[in-house]
Amino acid sequence: MFRFAFMRLLQAIPVILVVISITFLLVHSAPGGPFSADKAVPPEVLKALETQYNLDQPLWQQYISYLGDVLHGDFGPSFKYPGRTVSELIASGLPATAELAVYAMLVALIIGASAGVFAAARPNSMQDYIPMSAAMLGICMPSFLLGPLLVLIFGINLEWVPVSGWGDAPGDKILPAITLGTGYAAYIARLSRGGMLEILSQDYIRTARAKGLSEPLVIAKHALRGGLIPVVAFLGPAFAGLVGGSFVVETIYQIPGLGRFYVQAAFNRDYTMILGTTIFFATLIILFNLISDMLTIWLNPKLRQQGQGDN
Amino acid sequence: MALLEVNGLKVHFHTRDGLVKAVDDVSFSVDCGETLAIVGESGSGKSVTCYSLLDLLPKPPAKIEGGTALFDGVDLLSCDAKQMRSFRSNDIAMIFQDPMTSLNPFITIGEQLIEPLIYNPDKTRSQSRDNARLRAIELLDEVGIINPEARFDCYPHEFSGGMRQRVMIAMALINEPRLLICDEPTTALDVTIQAQILELISQLQQKRNMAVIFISHDLGVVAGIADKVMVMCDGTVRETGDTDTIFYNTANDYTKKLLAAIPEGAKTLLSRVQPEAPIIEVKNLKTYFRDYSKALAGAGSAKRFIKAVDGVSLHIQRGEILGLVGESGSGKSTLGRSILQLAPITEGSVHFCGTQISGLNPRQLVPWRRKMQMIFQDPYASLNPRMTVYQTLAEPLLYHGLATSANIDKQVRLLMDDVGLARASMRKYPHEFSGGQRQRIAIGRAIATKPELIIADEPVSALDVTIQAQILDLILDLVERHNLTMLFISHDLSVVRYISDRVMVMNKGVILETGDTETLWANPQQQYTRHLLESIPLADPKSERQRLARSALSKVGMQGEDLEQRFRAEI
Amino acid sequence: MNSIPESRPQAGQEQEQEERGSSLWHDAWIKLRKNRLAICGLVILLLLCLVSLLTPWIAPYGYEEQNLLLGASAPSAQHWLGTDIFGRDMLTRIMYGGRVSLTVGLIATAVALIIGVLWGATAGFIGGRVDAVMMRLVDILYALPFMIFIVLLMVVFGRNIFLLFFAIGAVEWLTMARIVRGQVMNLRKQEFVEAAYSLGLSQWTIIRRHIIPNTLGPVIVYTTLTIPSVMLLEAFLSFLGLGIQPPQSSWGLLISYGVETMEEFPWLLIFPGLTLSLTLFALNFLGDGLRDALDPRTSKD
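For the record, the sequence lines run as chains A, B and C.
To convert, take the position in the first sequence, counting from 1, and add 8; that gives the working numbering.
To convert, take the position in the second sequence, counting from 1, and add 387; that gives the working numbering.
To convert, take the position in the third sequence, counting from 1, and add 24; that gives the working numbering.
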């Protein structure tokens, strides 16, 4: 298990290096510098700025020094917010994004998994059709459509919850969490239904029933663990998706999170910010994939013991 | 009044393709200390009958349409869910066919064992975890698990098939049930393990005076342990009677057919073996596979290989049928594939008609491929599901230029006649056929190229006993008519004896013994061979009972662990 | 449940008519036809494609026809789905937007299909070390945050629609490759492929006759499910303002405009949203239906 984690972490290093290199190259091969965008800047000012940001050095030198900085956790200064470093900006946006992601994940897991298990308990009945139709609706209703609709209904027409903001008014975190979580809840519901149906058709479930265990116990103790493995395996990719989804949700609800910073940086061509955030997200996603893979292995006694045997 | 009395049981399946009467008006009874065997081929409704007693059928599509099943005076078919749970945990226990899939891989076997005790719906009978643990360990010991305290916290994957089935038995017995239902409990096991499990079940029954219902497709298996036999076919009871009557004096045609289908005795007509140079000669053949699980663990290089075939030499004369016997994991299938150059050989040589064919590249092999064919075990996997019978049979004919587009239709028809397939079904797809018919298609494909050598890898082990007899006769007939030479691989010794001129016994990748079939049967040289032969269940109740009584005297548990060690060393 | 009785027919009396077999494809089609939702989806999709093809001839108004005096108006007899703030007919805009959205969906899926099938089939068929290297690469690419990369690509190279196809296709091929590889690996071990080897058939013949026809089912299913996720991705990017560029429009872009004015003119959000959701519904139901129909496990009973 630890060996596996260690190997995967080792493998992650070149991946992250590749991410940094590609992003760096992409950003630097972009047409137009960061300071050519809006207004005409006098050449001497431009020159000074380029010196300040090391842009006058050869590309490989910039790359090496950037790599060195990243190793120290320094993503350099922001091009568009003078005086602030990218690390500071990431740190200021992270709490809101992390909180939003956690809430959304909770919404997705709790609603999704219970709907899936519920539906699988009685396949091809109303108990199955209703949650699964709802899940299909959730999958076909992208967050950028669901969000505005929720705002329109619950924020503007019914005035139950605030339409935007984050932590300013009570209840303003509800709609963003639901907006971001719904798609994943729907997906998790389908995954867990599939997983549970697969497990419930296994011979050992019949054994458990033949032993006289009650149906809730059969599901909770014998079926759930195997049935939810696909869901656990999905958590890593889901996290990557949540990061992408946070772009939209933070834009809709004007949440001062990382996603909104990223989109703004993309529009402003704030290259250091794009570079820094990309690397940060990539590392995070690789980490979450690793955790989700390890959880999957840990849940399966056979794989778990093979892992232990390695040490 | 008997412990269980079933009357007029009817179970129907409402499927997409219409109504299937899986069980149609079945009645029987079984009493304490008595063993009832329910025997029938696949689809006869024998398992459905028993599952409906414990309400274990998926509903829908299954529906119980009528009848009663009085257990101790209470009707199992109409009792409520709570009562049913109580019956399941305290009175009626069940053992299932496949011990590999019937235990939950995510939970330790100890935890699975004690569940009926700690979650007993009858509160007065439920026990604390500690007491339950003691009871479970006691039982594990009784069913022959060595060192039960340590094994208590192991997961199912740490046990071999036979050991898992022992655990299943312990689990069934933990609440001292009055009725034990065994659903083909030995079908998935090797013959030596099967013998042990049968002995164990019969001992435990006598000790506890339980009623036992033993479901099997194999009359031979039940001969020694059953008091009564019920023969089922197509959902109906064909005959019920005490064991001796069924085996020795039956008047029923279907029972006679079943008994006649059991391969028994020696081969009646020996093949015309031609004493010239052998058609195939294998010298010191080794096939090793890389063992990725061990390679990952970083073990020494010697341990990184599974020695599936480890230095085998053999020769087959033209016209001969050579039987190759071995238990699962003995390497017998790999040997067959290695001879045909379908598995990469590590060392050694294979000569076909004097020409070395090992080491040839695929292009050079093509002319030889035509002369050596294979028949596979699983008639479901060995046919391309998207090709019709016509396409399957025409492919080798056209590819090897044995037919032209002008006469291909005629050739395919002749081939279908040869293997006993209706010409009318030429445009049908494999999924529209039964298992036996599929195997006929596969045999047709194998003989299409007019081969000289055929390697048959367990060609009948997936088939029902009556179908098995037909396919065996077809094979013998074809060998005779087309002057074929055959390597016949099987785990079933009776089948091998029925069909082979000469037999080889294989274990752990090496050949232990070779000899003419009858000589070997009469006078086995090796301990392992003797053990194998003794384990064969005979369809003769009297001698089977004697055999069970004999081995009851020997220590079952120790013997089991010996084999367990052997088994584990293999995997 | 009933086994077909085995009997050895006498040769010669077989002059009766040949029975036509029913192939797995045929069985699947029968099963699909019984699935009302899937057929519904199929019909909706065909209609949408037809409308998109014919848009330039059947659209009620010109694509750039503005009516600034009218401004945004609610649905009416002249403008069934209302008009936007420039007085442009919404129905026309949605129809033209659909052309772009569907094209992106189809082309990007085709890109994903070609790369994924080739990659997966090669890895699966060759196996061994080649397979290990190729799939390791897929694993690594899986770990990359593609959403972020696509945003990056759009920023760096400008909003180029071809780049968009390519970028989305490049994301979606990974899963396709995994599925195809799994299928091919599985098939390679099947006894009927081994039987084909023992008949001496050449590798290419085996691939053509035995492997490809048996992988088509899952590939078709996954393709049907890729199209909606691709369309969603495009809409997502367009919503963020990083996808399709005005004056061209796509459903995602229309939704994004709709959101800006949803308080005053909700129909500008609701109609494009409904159209997108309906399309996604149709595709997903068709995909689910195909999966049920082509799954060998459900075809056995």
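Just so you know, even glycine gets a beta-carbon here, dropped at the ideal spot from N, CA and C.
Reduced DSSP secondary structure (H/G/I, E/B, other) of residue i
i         : result
GLN760(B) : strand
ALA620(B) : The sequence shown places Cys at residue 620(B), not Ala. Residue state, collapsed to three classes: strand.
LEU256(C) : helix
GLU89(C)  : coil
GLY531(B) : coil
TYR506(B) : coil
VAL660(B) : coil
PRO80(C)  : helix
ASP108(C) : coil
VAL257(A) : helix
LEU874(B) : strand
GLU714(B) : coil
ASP629(B) : strand
LEU2(A)   : Outside the shown range of chain A, which is 9 to 319, sits residue 2(A), and nothing can be said about it.
LYS681(B) : Caution is warranted here: a pLDDT of 45 is assigned to LYS681(B), below 50, making its placement in the model unreliable, and no coordinate value can be reported.
THR93(A)  : strand
PRO85(A)  : strand
GLY687(B) : The predicted position of GLY687(B) is uncertain, since its pLDDT is 46 and thus under 50; a value taken from the coordinates is nonetheless stated next. Coil at GLY687(B), not helix or strand.
THR285(C) : coil
PHE692(B) : strand
CYS569(B) : strand
LEU406(B) : strand
GLU867(B) : helix
Residue i: CB within 6 Å of a non-hydrogen atom of the ligand PLP
i         : result
LEU311(A) : With respect to small molecules bound, the structure shown includes none, and the ligand PLP cannot be examined in it.
Residue(s) in a DSSP beta bridge with residue i
i         : result
GLN743(B) : HIS738(B)
ARG889(B) : LEU709(B) and ASP903(B)
LEU457(B) : GLU392(B) and ASP462(B)
ALA424(B) : PHE601(B) and VAL616(B)
HIS702(B) : GLU668(B)
TYR111(A) : BP columns for TYR111(A) are empty, so no partner.
SER416(B) : GLU392(B)
MET774(B) : Its beta-bridge partners do not exist; DSSP assigns none.
HIS103(C) : Beta-bridge pairing links HIS103(C) to no other residue.
Own chain residues within Cβ distance below 6 Å of residue i, not counting five before or after
i         : result
GLY297(C) : ILE279
THR674(B) : ALA695, VAL696, THR721, SER725, ALA730, ILE732 and THR733
ASP577(B) : GLU714 and SER715
ASP478(B) : PRO564 and ARG565
GLY91(A)  : none
Sequence-distant residues of its chain with Cβ nearer than 8 Å to residue i (five each side left out)
i         : result
ASN308(A) : ILE237
SER688(B) : The predicted position of SER688(B) is uncertain, since its pLDDT is 46 and thus under 50; a value taken from the coordinates is nonetheless stated next. For SER688(B), where only same-chain residues beyond five positions count, there are no Cβ hits under 8 Å.
ALA1(A)   : The question about residue 1(A) has no answer here: the residues shown for chain A are numbered 9 through 319.
THR630(B) : ALA424, VAL609, ALA610, ALA613, ASP614, LYS615, VAL616 and PRO928
Beta-carbon contacts of residue i that lie in its chain and below 7 Å, excluding the five residues immediately before and after
i         : result
MET204(A) : GLY124, VAL125, ALA128, ALA231 and GLY235
GLY226(A) : According to the sequence displayed, residue 226(A) carries Val and not Gly. Excluding residues within five positions, the ones whose Cβ falls inside 7 Å are ILE213, ALA216 and ARG217.
LYS643(B) : THR637
GLN272(C) : VAL124
Short CB-CB distance (under 7 Å) between residue i and chain D
i         : result
SER280(C) : The displayed structure is made up of protein chains A, B and C, and chain D is not among them.
> Which residues, in order along the segment 260-277 of chain A, keep a beta-carbon less than 9 Å from a beta-carbon of chain C?
Replying inline: ILE260, TYR270, VAL271, ALA273, ALA274, PHE275 and ARG277
> Which residues, in order along the segment 94-119 of chain A, keep a beta-carbon less than 9 Å from a beta-carbon of chain C?
Replying inline: none
>> Output needed in chain order: residues of the segment 565-581 of chain B with a Cβ under 7 Å from some Cβ in chain A.
In response: none
> In the segment 202-232 of chain C, which residues sit with their C-beta less than 7 Å from some C-beta in chain B, listed in chain order?
Replying inline: GLN214, GLU215, PHE216, GLU218, ALA219, TYR221, SER222, LEU223, GLY224 and LEU225
>> Going residue by residue through the segment 182-225 of chain C, where are the continuous alpha helix (DSSP H) segments of at least 4 residues, counting only ones entirely within it?
In response: 185-213 and 215-222
> Fully enclosed by the segment 793-855 of chain B, which beta strand (DSSP E) runs are 3 residues long or longer?
Replying inline: Secondary structure remark: continuous beta strand (DSSP E) runs of at least 3 residues inside the segment 793-855 of chain B, in chain order: 840-844.
> Using a beta-carbon distance cut-off of less than 7 Å, what residues from the segment 9-24 of chain A approach chain C?
Replying inline: Flagged, chain order: VAL23.
> Can you list, in chain order, the residues of the segment 219-236 of chain A whose Cβ is nearer than 7 Å to any Cβ on chain B?
Replying inline: When C-beta distances to chain B are compared with 7 Å, the residues of the segment 219-236 of chain A below that value are LYS219, GLY220, LEU221, SER222, LEU225, HIS230, ARG233 and GLY234, in chain order.
>> By the 8 Å beta-carbon criterion, what residues does the segment 247-268 of chain C contribute toward chain B?
In response: Flagged: no residues at all.
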